[in-house]
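Chains as they are written, first to last, in this note's numbering: chain V, 7 to 351; chain W, 7 to 351; chain H, 7 to 351; chain U, 7 to 351.
For glycine and all other residues, C-beta sits at the position ideal for the given N, C-alpha and C.
For reference, the structure is listed below as structure tokens.
This is the structure we're talking about:
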């Protein structure tokens, strides 16, 4: 019997409603390269949701592609990105940003988040033309460690960026999870306090796809050229547009994120009650408990997940991820196994 | 009433069998980033079809992405691509190859094809370290003008490349159409006479996706790193793998290409019989008739297509494209309109 | 006995006055990276000569470096260069521009020059975001074939560029030769009818060095960052500044160019009088006579030069280059040899 | 009266013997682009000094240019550099390496040096194709902080690199200073324990110029192509070749470095005796004393130097640099001023 995966939020295909709309629209003839009716409707829907009729919306097939396209479009050759050292672009994208010619200057911080103090220090460090010039701040929400920026924190970062000639770009691979995890953040605020951001589909119910929203007019110019150059302008642009239509109509996107968060938080609560702690304080669908190695071995007989890092001689951090598709029964089994271990000790 | 499109071969979604398999496999849990069972099965199927158990197969979401990833993986900084001046990478990919740092040296030729003479002249031109160094020959089959390389022609190009330290890479966005258009070419030969090639899905029945096949071991090393760096390693790799499984099982891929060719050739025959000629002699699903402007105007009231270029004061070249999804009734209506025009003159 | 070189205009070191000033200033302490007094004086002198107090002047160690730095500073990723197909950047710089990510779209023309018609056709060809976007026009004066743009021609190109959102950049590796070859061009006009240009030192009496002049404010921003990034900001910037001071004080630069032109034109006249013709009509210090192969063989016993290309079964084009350092006696010997050959036939 | 500079080791022109040889050879005709007799002699001399007849030697005009050319020639797109966080390429070259597409993964360490432990941890961190692939280790000797690797340390790093598929590249901008600062290192060992390194001329008596030595055959292939592409192949290659000939004949290069070291160490001794300490323990020509701000203010009235960083509320780190050209009298005055301050307290 194969082990049930809490390995990531892209282990399954798409939410049934997404497939349904692909099916239903399948044989209509449409313009290519994102100029189809569905992509346009989906873009209009997003503009409505953020209440910004002037925003540009572009659809991509993946997050790395979205990040490298936006960033290479935004920067001149000597301009650099500032990000948390743990940022996806700094660690897990095989140097995709550097491959477009730009340095990432990494900021400290243990919870995946950055602060205006970090930004100020980075600016102070870069003195003249012998240094790269900081120009774009990259954050993700939720972060790589499942932590969340509140609207207040976003606003502070954005104000700082505005005052220092920096763009603020938000990677929203798990944006639904961030928004659902706090009472203090909605999509309008995300749009208001960034220059560009993307709404991640791949990790929240789509087959594949991300919706990039550009609100700063400076970043809009000739953007489709850069997309095409980076291989991001797909012939059947409809394929992503249709999926976002399915996800964003009737709030399905947020429902799915909420469900994923809830399941992860049930596991979190059980782990806390069993006396274990966490690498970071994550209210979203990724949690990073620090567990005894023998418990991890037990769990591993039934479940699949990543061992994130060694923590002590006999304990490690693991990553557990839930999604729109996670089986509640399996969540129950996982929780039970943890509680049993705890009782037996 | 909207006009029926003969504009391209990606106006509709996917062939129903493709959607069906996506549906059927949707809720199984799979490894990410192309390591899922379906991608592996599809890769194995391709290796069988070309009878090369050692070939590497990688799945992409689009052709520009495939081209730029393979080419940037193959070349050192000073090495250049040789291609027809009309090649997609030279004209219609917004400088995607140059954006990875490499020059395209363009070869002459009016039918979209290149010859060993062209290659020899290019090599003679590049004398020393003040010139780029030719290293990879890019061809597409079918070409941008719908023309086709036979297996004999491929073999000659490949032999030349082998003897001159050049890689031969074939863009197969419309490979099915090329193979079905001649008795003299099959997939095994394409694999045999190239160092790498891709089987295009987007233009032949997939939602999106291309299958890159690497047969030359030199090109295989660390290839997934380069894919990730270029944003081509998608989280749900299964999405493309499943589609190729659907297309390549039971020969559906070739059936669809054959159907598209047949419909285009019906139109071609009618046009010829009506006394008109063509920009290039295309046996595939793209044809480029030279038509009187008033006929074009008539056709344009009922059909949508590209006007390719002006040909004379009162005639132009148009492009007509058919696909797996083209409605035969509409083909009939188009033919009738052309014949009627011809009779009335 | 070694053959005397008419091979290029950089076979010797520097004009004695250049070495003299390097010697004289050698032990003063100066700021680094081009902020020394000599570089500043040389820049001020250039601003005076062109009567543009706002122009920016930057010193480089070579022409390829100057070209790639200016061009990569000027363009966004999808923007392209338009140049003659014979342009140095398109042929003889090993893809230096493409290595910064930008396509060169090559224009036709047999004499190394381009016209506004060429530019108009290039603009018409590039229709939308599937094409690169033309943004910078590259010319050189004198051209690769020794031909010259007059001020009237420059003005026409510049007006066209101004009206079409294009930058006009002039590579002046042999700018002195161009200016001295026509009554109709001076340095002020070069500055007036371009957005940026460089005054070449390497080929006209310097040890090494080029002076880039930027007159368009859009191109000035953060330029020293890009220089540093490309390895062009040398620690002892004084080394180039001092040389331009020596060359531009008292008009030495133009005297040297005039001398080189005169010597080449003496050879040209003798060749014409001997009944031979030329690949291009060059009034500068590079000439491209078409000579019988047996005469070329004779010349080659005493002189060194490039054989440019085969012209017919028994004749070839050679390149003869003179410079500030060319020995007049050797010019006389060369002429005599040509005349003798001619008489004997 | 202007302040005397201890600001860097490139405040003056060239050592008189360098200018003398430029003068003496000035009017000989030579081949271009580094194929002149002088460059060849200088290369042969270097091969003799390191006793490696197969080594390749290439001359450059500056260090950033040398670094970016060697590194971009060595790496495939996904391969990365490992360096100290304080490395020149990581901080002070405006992202020159990233502009060629490669990430620098920075290692910890407070004295500008790296260890095999640092390298091991970096390798362990980079797990698969989602990370860049470490491929080249960059060190400088002397380092940015004036510290020095001994031959034993170099050998350990090199052995580690050999065992882990890494290139070891040494930036020798101040290589003479490193070699003269320890009994335990000579040029042969530098060549033996690296895959490539450069001998810095700019900071040790040349007008400008660095000599890159490539000992690993893998790094030699087509290297002149990459040089040309990066604008590093200068027309009058002789200019750098001649200077290295002057510097390396009769050991002048090492004499100059020794002199610079000695002067700096005299200052260092005086500072130590006055009771002050240092940021790093530098035996070379750059020292980083931590001084009271009021002493710094006093020194600043007579001398120019960089204030490196604030150290405490009332003290800062300054950088003092000596060179082949430093005036001993001024060293005496500086020392006296420091001793006087100390006595008065």
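Proximal residues to residue i (C-beta, below 7 angstroms), its chain only, five neighbours per side dropped
i             : result
residue 281/V : 348
residue 286/V : 117, 118, 151, 152, 153 and 294
residue 321/W : 296, 297, 298 and 299
residue 94/U  : 146, 150 and 177
Distance, residue j Cα to residue i Cα
i             : j             : result
residue 144/U : residue 77/U  : 9 angstroms
residue 36/V  : residue 24/V  : 18 angstroms
residue 161/W : residue 199/W : 5 angstroms
residue 257/V : residue 351/V : 44 angstroms
residue 293/U : residue 22/U  : 26 angstroms
residue 38/U  : residue 220/H : 29 angstroms
residue 197/W : residue 135/V : 50 angstroms
residue 191/V : residue 14/U  : 52 angstroms
residue 312/W : residue 11/W  : 10 angstroms
residue 8/U   : residue 309/U : 8 angstroms
residue 28/U  : residue 231/H : 31 angstroms
residue 270/W : residue 276/W : 10 angstroms
residue 59/V  : residue 51/V  : 10 angstroms
residue 333/U : residue 304/H : 58 angstroms
Simplified DSSP assignment, three categories, for residue i
i             : result
residue 319/H : coil
residue 233/W : helix
residue 18/U  : coil
residue 186/U : helix
residue 2/H   : The structure shown has nothing for residue 2/H, since chain H only spans 7 to 351.
residue 206/U : strand
residue 11/H  : strand
residue 345/V : helix
residue 164/H : helix
residue 43/H  : helix
residue 63/U  : strand
residue 154/W : coil
residue 146/W : strand
Same chain only: Cβ atoms within 6 angstroms of residue i, ignoring 5 sequence neighbours per side
i             : result
residue 44/V  : 244, 247, 248 and 251
residue 110/W : 87, 89, 96 and 103
residue 301/V : 347
residue 55/H  : 193
residue 315/W : 323
Close Cβ partners of residue i (< 8 angstroms) along its chain, the five nearest in sequence each way excluded
i             : result
residue 341/W : 272, 273 and 276
residue 283/U : 295 and 296
Interface partners of residue i on chain B, CB under 8 angstroms
i             : result
residue 189/W : Absence of chain B from the displayed structure is noted, the protein chains being V, W, H and U.
Report the start-end ranges of each alpha helix (DSSP H) in the stretch 243-307 of chain U that is 4 residues or longer and not cut off at the edges. Correct list: 244-254 and 258-279.
Curious, which full-length beta strand (DSSP E) runs of at least 3 residues does the stretch 96-139 of chain V contain? Listed in chain order, they are 110-113.
Touch test, the stretch 97-106 of chain H against the stretch 228-235 of chain U, Cβ-Cβ under 8 angstroms, three pairs minimum: Touching, yes.
Any 3 or more C-beta pairs closer than 8 angstroms across the stretch 135-153 of chain W and the stretch 84-92 of chain W: Contact between the stretch 135-153 of chain W and the stretch 84-92 of chain W is present: three or more C-beta pairs spanning the two stretches fall below 8 angstroms.
Tell me, please, whether the stretch 205-214 of chain H touches the stretch 164-171 of chain H by the rule of three or more beta-carbon pairs shorter than 8 angstroms. The stretch 205-214 of chain H is not in contact with the stretch 164-171 of chain H.
Validate contact between the stretch 324-341 of chain V and the stretch 260-267 of chain V using beta carbons, cut 8 angstroms, 3 pairs: Yes: at least three Cβ pairs fall under 8 angstroms.
How about the stretch 178-185 of chain U and the stretch 125-134 of chain U: do they share at least three Cβ pairs that are nearer than 8 angstroms? Segment contact: the stretch 178-185 of chain U against the stretch 125-134 of chain U, fewer than three CB-CB distances shorter than 8 angstroms; contact not assigned.
Just checking, does the stretch 212-229 of chain V make contact with the stretch 57-74 of chain V on the three C-beta pairs under 8 angstroms criterion? Counting Cβ pairs under 8 angstroms, three or more are found: they touch.
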